[in-house]
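As you go down the protein sequences, you meet chains A and B in turn. Numbers 1 to 114, taken from the numbering used here, label the letters of the first sequence in order. Numbers 1001 to 1112, taken from the numbering used here, label the letters of the second sequence in order. Ideal placement from N, C-alpha and C gives every residue a C-beta, glycine not left out. Bear in mind that the values here come from a model prediction, so they are computed numbers and not experimental data.
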Amino acid sequence: DAGVTQSPTHLIKTRGQQVTLRCSPISGHKSVSWYQQVLGQGPQFIFQYYEKEERGRGNFPDRFSARQFPNYSSELNVNALLLGDSALYLCASSLTYLGNNEQFFGPGTRLTVL
Amino acid sequence: GESVGLHLPTLSVQEGDNSIINCAYSNSASDYFIWYKQESGKGPQFIIDIRSNMDKRQGQRVTVLLNKTVKHLSLQIAATQPGDSAVYFCAENSNQGGKLIFGQGTELSVKP
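Laid out in structure tokens, this is it:
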């Protein structure tokens, strides 16, 4: 079975641009969470979606938004990119939104903002 | 504030030795803890988890210990191998849905 997939693998943008990152969860998983991992640090929670509804939001500005589709895939959008948005963006899927469910991470999308 | 911290940022061990990676967490209400392994260029990989009603859990070559009194978590790797070289993160569930709070990470380097 395929694990969590993310696209694109790498992305280079300039300040002020907008970006959309995509995630497909493991088959049967209904929850998708997004994390930002800055180089040298642990992942930071951005959003969690379950059954197309937002279930949690981390301490990120409104420039960050996300949505989940009927097939449980998800997109993360970031507007008005800043240099500080350069990071590895990770998607994790789990069966439910409950915290004690194992979360499986994808390989991430490496975003570089110039 | 929210934080899960690690005592040691780097750990270097000899192949075959046992490794111990430590972690301190701050939220006494957290009831689920996970250790992840992250290799360069990859996403975090689940190693082992433990719930707050346990103080020890064993997997294949790995053991996680939880001390709720001092809010401390440790990962023990037996007979460390070169393939174990990676950054290890502890994470806690903050009882806010699926949100995980990660620590900074410990880089484990295994010398042959």
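Q.
I need the straight-line Cα distance from N126(A) to S33(A), nearest angstrom please.
A. For residue 126(A) there is no data in the structure shown, the boundaries of chain A being 1 and 114.
Q: Could you have a look at L11(A) and say whether DSSP puts it in helix, strand or coil?
A: Taking the first residue of the first sequence as position 1, residue 11(A) is located at position 11. L11(A) falls in the strand class under three-state DSSP.
Q) How would you label H29(A), buried or exposed, when you count the other beta carbons within 10 angstroms and need 16 or more for buried? A) On the first sequence, position 29 is the one that residue 29(A) refers to. With 16 or more Cβ atoms within 10 Å of its Cβ, H29(A) is classed as buried.
Q: Ignore the nearest five residues each way along the sequence and tell me which others in N77(A)'s own chain have a CB closer than 6 Å to its CB.
A: Against the first sequence, residue 77(A) aligns to sequence position 77. T20, S65, listed in sequence order.
**Q.** DSSP state of L83(A) mapped onto helix, strand, coil
**A.** Taking the first sequence and counting its residues from 1, the one referred to as residue 83(A) is at position 83. The answer is helix: DSSP assigns L83(A) an H, G or I state.
Q: Would you mind working out which of L39(A), I46(A), F104(A), Q37(A) sits nearest S93(A), comparing C-alpha positions?
A: As a position in the first sequence, residue 93(A) is number 93, starting the count at 1. Of the candidates L39(A), I46(A), F104(A), Q37(A), the one whose C-alpha sits nearest the C-alpha of S93(A) is F104(A).
Q: Could you work out which residue in R1061(B), P1009(B), H1072(B) is closest to G1083(B) when comparing CA atoms only?
A: Translated into positions along the second sequence, residue 1083(B) becomes position 83. Residue R1061(B) is the option with its Cα nearest to G1083(B).
Q.
Which residues in chain A have a C-beta closer than 9 Å to the C-beta of G1059(B)? List them in chain order.
A. Taking the first residue of the second sequence as position 1, residue 1059(B) is located at position 59. Those do not exist, as G1059(B) stays about 13 Å from chain A at its closest Cβ, beyond 9 Å.
Q: In angstroms with no decimal places, state the Cα-to-Cα distance between L1100(B) and T1010(B).
A: Along the second sequence, one-based indexing puts residue 1100(B) at 100. Along the second sequence, one-based indexing puts residue 1010(B) at 10. If I take the Cα positions, the gap works out to 22 Å.
(Q) For V1013(B), which residues in the same chain have their Cβ closer than 8 Å to its Cβ, ignoring the five residues on either side in sequence? (A) As a first step, residue 1013(B) is located in the second sequence; it is residue number 13 there, counting from the start. Hits under 8 Å: S1019, T1080, L1108, S1109, V1110, K1111.
**Q.** Residue span of the beta strand (DSSP E) that contains R1051(B), given as start and end
**A.** Within the second sequence, the letter at position 51 stands for residue 1051(B). Its beta strand (DSSP E) spans residues 1045 to 1051.
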